[in-house]
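Notes to accompany the following structure.
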Amino acid sequence: MSKRRKKGHEDEHVDESWLLPYADLLTLLLALFIVLFASSTVNAQKFQQLSKVFNGIFASGEGVMEYSKPQPADEYYSGKIKADQNKEKENKSESTEEKDKEQELKDHLQKLKLEDHEELVQVQEKVNAYIQTNHLNGKFATSLTTEGLLLTIRDNVLFESGKADISENNLKTARELSDLLVMDPPRNIIISGHTDNVPIHNSNFSSNFELSVMRALNFMKIILENNQLNPRNFSVKGFGEYKPIASNDTSEGKAKNRRVEVLIQPRVLPSDSN
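Residue numbers (full-length UniProt numbering): 1 to 274.
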(Lines of atoms letter the chains of each structure in order from A and count residues from 1; the text may use other names and numbers.)
(Lines give C-alpha, C1' and ligand atoms only; values in the text may rest on other atoms or scores of the structure.)
Protein backbone atom coordinates (compact mmCIF):
# COMPACT_ATOMS: atom_id res chain seq x y z
CA MET A 1 0.00 0.00 0.00
CA SER A 2 2.73 2.41 0.91
CA LYS A 3 4.64 1.49 -2.18
CA ARG A 4 1.66 2.29 -4.38
CA ARG A 5 1.25 5.78 -2.80
CA LYS A 6 4.93 6.57 -3.17
CA LYS A 7 4.88 5.63 -6.77
CA GLY A 8 1.89 7.91 -7.44
CA HIS A 9 3.60 10.86 -5.68
CA GLU A 10 6.66 10.46 -7.85
CA ASP A 11 4.49 10.58 -11.00
CA GLU A 12 3.05 14.00 -9.96
CA HIS A 13 6.53 15.67 -9.61
CA VAL A 14 7.15 18.41 -12.34
CA ASP A 15 10.54 18.68 -14.02
CA GLU A 16 11.89 22.27 -13.49
CA SER A 17 15.23 21.83 -15.14
CA TRP A 18 14.29 24.19 -18.01
CA LEU A 19 14.40 27.23 -15.71
CA LEU A 20 18.16 27.33 -15.69
CA PRO A 21 18.62 27.75 -19.47
CA TYR A 22 15.82 30.36 -19.52
CA ALA A 23 17.51 32.40 -16.78
CA ASP A 24 20.76 32.20 -18.63
CA LEU A 25 19.07 33.49 -21.78
CA LEU A 26 17.61 36.48 -19.94
CA THR A 27 20.99 37.22 -18.47
CA LEU A 28 22.62 37.14 -21.89
CA LEU A 29 19.95 39.44 -23.38
CA LEU A 30 20.38 41.92 -20.53
CA ALA A 31 24.11 41.90 -21.06
CA LEU A 32 23.62 42.49 -24.78
CA PHE A 33 21.36 45.52 -24.20
CA ILE A 34 23.83 46.93 -21.69
CA VAL A 35 26.67 46.58 -24.21
CA LEU A 36 24.59 48.20 -26.98
CA PHE A 37 23.51 51.06 -24.74
CA ALA A 38 27.06 51.61 -23.57
CA SER A 39 28.40 51.69 -27.12
CA SER A 40 25.78 54.21 -28.35
CA THR A 41 25.83 57.98 -27.86
CA VAL A 42 22.65 59.68 -26.80
CA ASN A 43 21.93 63.35 -27.51
CA ALA A 44 20.59 64.45 -24.17
CA GLN A 45 18.97 67.62 -25.51
CA LYS A 46 17.06 65.79 -28.25
CA PHE A 47 16.06 63.10 -25.79
CA GLN A 48 14.62 65.68 -23.39
CA GLN A 49 12.72 67.43 -26.21
CA LEU A 50 11.30 64.13 -27.40
CA SER A 51 10.31 63.24 -23.84
CA LYS A 52 8.45 66.54 -23.44
CA VAL A 53 6.57 65.97 -26.68
CA PHE A 54 5.42 62.51 -25.70
CA ASN A 55 4.61 63.63 -22.12
CA GLY A 56 2.45 66.43 -23.52
CA ILE A 57 0.63 64.09 -25.87
CA PHE A 58 -0.08 61.46 -23.23
CA ALA A 59 -0.98 64.06 -20.57
CA SER A 60 -3.46 65.99 -22.73
CA GLY A 61 -5.01 62.96 -24.35
CA GLU A 62 -4.71 64.51 -27.84
CA GLY A 63 -3.61 62.28 -30.67
CA VAL A 64 -1.07 63.34 -33.25
CA MET A 65 -3.59 62.65 -36.02
CA GLU A 66 -6.42 64.71 -34.54
CA TYR A 67 -8.20 67.11 -36.89
CA SER A 68 -7.88 70.86 -36.49
CA LYS A 69 -10.90 72.78 -35.39
CA PRO A 70 -13.24 73.72 -38.24
CA GLN A 71 -13.08 77.29 -39.52
CA PRO A 72 -16.11 79.39 -38.53
CA ALA A 73 -18.59 79.92 -41.38
CA ASP A 74 -18.33 83.71 -41.32
CA GLU A 75 -14.54 83.58 -41.62
CA TYR A 76 -14.78 81.09 -44.48
CA TYR A 77 -17.27 83.13 -46.52
CA SER A 78 -15.43 86.35 -45.74
CA GLY A 79 -12.21 84.89 -47.13
CA LYS A 80 -14.03 83.51 -50.17
CA ILE A 81 -15.63 86.89 -50.89
CA LYS A 82 -12.24 88.60 -50.69
CA ALA A 83 -10.73 86.03 -53.05
CA ASP A 84 -13.58 86.51 -55.51
CA GLN A 85 -13.20 90.28 -55.30
CA ASN A 86 -9.47 90.04 -55.97
CA LYS A 87 -10.10 87.77 -58.95
CA GLU A 88 -12.73 90.17 -60.28
CA LYS A 89 -10.28 93.07 -59.97
CA GLU A 90 -7.65 91.10 -61.88
CA ASN A 91 -10.15 90.28 -64.64
CA LYS A 92 -11.21 93.93 -64.86
CA SER A 93 -7.58 94.98 -65.03
CA GLU A 94 -6.85 92.54 -67.87
CA SER A 95 -10.01 93.62 -69.70
CA THR A 96 -9.04 97.28 -69.32
CA GLU A 97 -5.56 96.60 -70.70
CA GLU A 98 -7.02 94.79 -73.72
CA LYS A 99 -9.44 97.63 -74.37
CA ASP A 100 -6.62 100.16 -74.07
CA LYS A 101 -4.50 98.25 -76.58
CA GLU A 102 -7.45 97.92 -78.95
CA GLN A 103 -8.20 101.62 -78.68
CA GLU A 104 -4.54 102.45 -79.20
CA LEU A 105 -4.52 100.37 -82.39
CA LYS A 106 -7.71 102.05 -83.63
CA ASP A 107 -6.25 105.49 -82.93
CA HIS A 108 -3.08 104.57 -84.81
CA LEU A 109 -5.04 103.32 -87.82
CA GLN A 110 -7.21 106.42 -87.77
CA LYS A 111 -4.11 108.59 -87.76
CA LEU A 112 -2.67 106.68 -90.73
CA LYS A 113 -5.99 106.95 -92.52
CA LEU A 114 -6.06 110.72 -92.09
CA GLU A 115 -2.47 111.08 -93.28
CA ASP A 116 -3.26 108.84 -96.23
CA HIS A 117 -6.31 110.91 -97.13
CA GLU A 118 -4.25 114.11 -97.04
CA GLU A 119 -1.74 112.58 -99.46
CA LEU A 120 -4.53 111.59 -101.86
CA VAL A 121 -5.92 115.11 -101.68
CA GLN A 122 -2.51 116.44 -102.73
CA VAL A 123 -2.41 114.01 -105.67
CA GLN A 124 -5.92 115.08 -106.66
CA GLU A 125 -4.91 118.74 -106.60
CA LYS A 126 -1.93 117.96 -108.81
CA VAL A 127 -4.11 116.10 -111.35
CA ASN A 128 -6.73 118.87 -111.30
CA ALA A 129 -4.00 121.42 -111.99
CA TYR A 130 -2.90 119.36 -115.01
CA ILE A 131 -6.50 119.23 -116.26
CA GLN A 132 -6.88 122.99 -115.97
CA THR A 133 -3.56 123.72 -117.62
CA ASN A 134 -4.31 121.47 -120.61
CA HIS A 135 -7.96 122.52 -120.93
CA LEU A 136 -9.21 118.99 -120.43
CA ASN A 137 -12.31 119.87 -118.41
CA GLY A 138 -15.19 117.61 -119.39
CA LYS A 139 -12.78 114.93 -120.59
CA PHE A 140 -11.08 114.27 -117.27
CA ALA A 141 -12.63 114.15 -113.82
CA THR A 142 -11.38 113.28 -110.34
CA SER A 143 -13.24 112.24 -107.20
CA LEU A 144 -12.24 111.01 -103.75
CA THR A 145 -14.15 107.92 -102.66
CA THR A 146 -13.85 105.35 -99.90
CA GLU A 147 -11.98 103.18 -102.43
CA GLY A 148 -9.41 105.88 -103.17
CA LEU A 149 -8.78 108.64 -105.70
CA LEU A 150 -10.66 107.95 -108.93
CA LEU A 151 -9.50 109.50 -112.21
CA THR A 152 -12.05 109.16 -115.04
CA ILE A 153 -10.92 109.59 -118.67
CA ARG A 154 -13.38 109.80 -121.56
CA ASP A 155 -12.64 107.24 -124.26
CA ASN A 156 -12.29 109.85 -127.04
CA VAL A 157 -9.30 111.32 -125.19
CA LEU A 158 -7.35 108.13 -125.84
CA PHE A 159 -9.14 105.93 -128.38
CA GLU A 160 -10.95 106.07 -131.69
CA SER A 161 -14.42 104.56 -131.91
CA GLY A 162 -14.44 100.76 -131.69
CA LYS A 163 -10.66 100.54 -131.27
CA ALA A 164 -8.41 99.66 -128.33
CA ASP A 165 -5.10 101.12 -129.50
CA ILE A 166 -4.19 104.58 -128.26
CA SER A 167 -3.92 106.95 -131.18
CA GLU A 168 -0.64 108.72 -131.90
CA ASN A 169 -2.18 112.08 -131.11
CA ASN A 170 -3.11 110.94 -127.62
CA LEU A 171 0.13 109.18 -126.62
CA LYS A 172 1.48 112.43 -125.20
CA THR A 173 -1.50 112.77 -122.87
CA ALA A 174 -1.12 109.19 -121.63
CA ARG A 175 2.58 109.67 -120.93
CA GLU A 176 2.00 112.93 -119.09
CA LEU A 177 -0.56 111.15 -116.92
CA SER A 178 2.05 108.56 -116.02
CA ASP A 179 4.18 111.28 -114.44
CA LEU A 180 1.25 112.20 -112.18
CA LEU A 181 1.08 108.60 -110.93
CA VAL A 182 4.65 108.61 -109.61
CA MET A 183 4.36 108.64 -105.81
CA ASP A 184 6.73 107.92 -102.97
CA PRO A 185 6.07 105.44 -101.53
CA PRO A 186 4.15 103.97 -104.48
CA ARG A 187 0.49 103.01 -104.32
CA ASN A 188 -1.55 100.22 -105.87
CA ILE A 189 -3.36 101.37 -109.00
CA ILE A 190 -6.25 99.65 -110.80
CA ILE A 191 -6.98 100.55 -114.42
CA SER A 192 -10.44 99.51 -115.64
CA GLY A 193 -12.15 99.79 -119.02
CA HIS A 194 -15.88 100.51 -119.62
CA THR A 195 -18.14 100.78 -122.67
CA ASP A 196 -21.70 101.76 -123.52
CA ASN A 197 -24.38 99.16 -124.25
CA VAL A 198 -24.09 99.23 -128.02
CA PRO A 199 -23.14 95.69 -129.10
CA ILE A 200 -19.83 95.34 -130.88
CA HIS A 201 -18.89 92.58 -133.23
CA ASN A 202 -16.03 93.10 -135.61
CA SER A 203 -12.87 91.37 -136.67
CA ASN A 204 -11.04 92.51 -133.52
CA PHE A 205 -13.59 92.08 -130.73
CA SER A 206 -16.56 89.83 -130.22
CA SER A 207 -17.93 91.67 -127.17
CA ASN A 208 -17.72 94.86 -125.17
CA PHE A 209 -15.92 92.87 -122.47
CA GLU A 210 -13.00 92.25 -124.78
CA LEU A 211 -12.93 95.87 -125.93
CA SER A 212 -12.96 97.23 -122.37
CA VAL A 213 -10.19 94.88 -121.20
CA MET A 214 -7.91 95.64 -124.16
CA ARG A 215 -8.36 99.40 -123.77
CA ALA A 216 -7.38 99.21 -120.10
CA LEU A 217 -4.44 96.93 -120.90
CA ASN A 218 -3.09 99.11 -123.71
CA PHE A 219 -3.41 102.22 -121.57
CA MET A 220 -1.47 100.51 -118.78
CA LYS A 221 1.30 99.55 -121.21
CA ILE A 222 1.82 103.21 -122.11
CA ILE A 223 1.75 104.22 -118.45
CA LEU A 224 4.39 101.62 -117.55
CA GLU A 225 6.81 102.99 -120.11
CA ASN A 226 7.66 105.32 -117.25
CA ASN A 227 10.59 103.65 -115.47
CA GLN A 228 9.64 105.26 -112.17
CA LEU A 229 6.51 103.10 -111.97
CA ASN A 230 6.59 99.49 -110.78
CA PRO A 231 4.37 97.02 -112.71
CA ARG A 232 3.75 95.14 -109.47
CA ASN A 233 1.57 97.99 -108.29
CA PHE A 234 -0.73 97.86 -111.33
CA SER A 235 -3.68 95.67 -112.29
CA VAL A 236 -6.27 95.73 -115.09
CA LYS A 237 -10.02 95.08 -115.19
CA GLY A 238 -12.67 95.16 -117.89
CA PHE A 239 -16.39 95.61 -117.16
CA GLY A 240 -17.87 96.08 -120.62
CA GLU A 241 -21.24 97.87 -120.43
CA TYR A 242 -22.14 96.50 -116.99
CA LYS A 243 -21.02 99.40 -114.78
CA PRO A 244 -22.54 102.52 -116.37
CA ILE A 245 -22.33 105.90 -114.67
CA ALA A 246 -25.03 107.45 -116.86
CA SER A 247 -28.07 106.39 -118.84
CA ASN A 248 -27.45 104.69 -122.17
CA ASP A 249 -30.69 106.15 -123.54
CA THR A 250 -28.93 109.30 -124.76
CA SER A 251 -25.81 109.87 -126.80
CA GLU A 252 -24.43 112.06 -124.04
CA GLY A 253 -24.94 109.29 -121.47
CA LYS A 254 -23.30 106.74 -123.74
CA ALA A 255 -20.30 109.04 -124.18
CA LYS A 256 -19.89 109.21 -120.39
CA ASN A 257 -20.06 105.44 -120.07
CA ARG A 258 -17.27 104.93 -122.62
CA ARG A 259 -14.36 105.58 -120.33
CA VAL A 260 -11.16 104.39 -118.67
CA GLU A 261 -10.87 104.70 -114.90
CA VAL A 262 -7.66 104.92 -112.89
CA LEU A 263 -8.18 104.10 -109.22
CA ILE A 264 -5.34 105.13 -106.90
CA GLN A 265 -5.93 103.06 -103.79
CA PRO A 266 -5.38 104.22 -100.21
CA ARG A 267 -2.62 102.53 -98.22
CA VAL A 268 -5.02 102.01 -95.32
CA LEU A 269 -8.07 100.26 -96.71
CA PRO A 270 -11.48 100.94 -95.08
CA SER A 271 -11.72 97.34 -93.81
CA ASP A 272 -8.43 97.74 -91.88
CA SER A 273 -9.90 100.37 -89.58
CA ASN A 274 -12.85 98.24 -88.42
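Beta carbons: idealized from backbone N, C-alpha and C, even for Gly.
When DSSP states are grouped into helix, strand and coil, residue 139 belongs to the coil group. Minimum Cα-Cα distance from residue 148 among the listed residues 28, 26, 105, 263 corresponds to 263. Looking at 266, 26, 246, 163, the one whose alpha-carbon comes closest to that of residue 188 is 266.
Within the same chain, 204 come within 8 Å of residue 163 by CB-CB distance, once the 5 residues on both sides are set aside.
Shown here for residue 137: same chain residues with a beta carbon closer than 8 Å to its own, the five before and five after excluded, namely 131 in chain order.
Within the same chain, 178 come within 6 Å of residue 226 by CB-CB distance, once the 5 residues on both sides are set aside.
Beta-bridge annotation (DSSP): residue 259 is paired with 154, 194.
In terms of Cα proximity to residue 180, the closest of 85, 250, 142, 243 is 142. For residue 234, the uninterrupted beta strand (DSSP E) segment begins and ends at 234-238.
Counting C-beta atoms within 10 angstroms of its own C-beta, residue 260 has 16 or more neighbours from the protein chains shown and is therefore classed as buried. For residue 168, there is no enclosing alpha helix (DSSP H), as DSSP gives it neither H nor E. The three-state reading of DSSP puts residue 250 in coil, since its state is none of H, G, I, E or B. Exclusion of the five residues before and after residue 218 leaves 164, 165, 166 as the residues of its chain whose Cβ lies within less than 7 Å of its Cβ. A direct Cα-to-Cα measurement between residue 201 and residue 114 gives close to 47 Å. Distance between residue 235 and residue 186, taken at the CA atoms: about 14 Å. Each residue's CA atom was taken as its position, placing residue 158 and residue 144 some 23 Å apart. Looking from the CA of residue 124, the closest CA among 89, 140, 112 belongs to 140.
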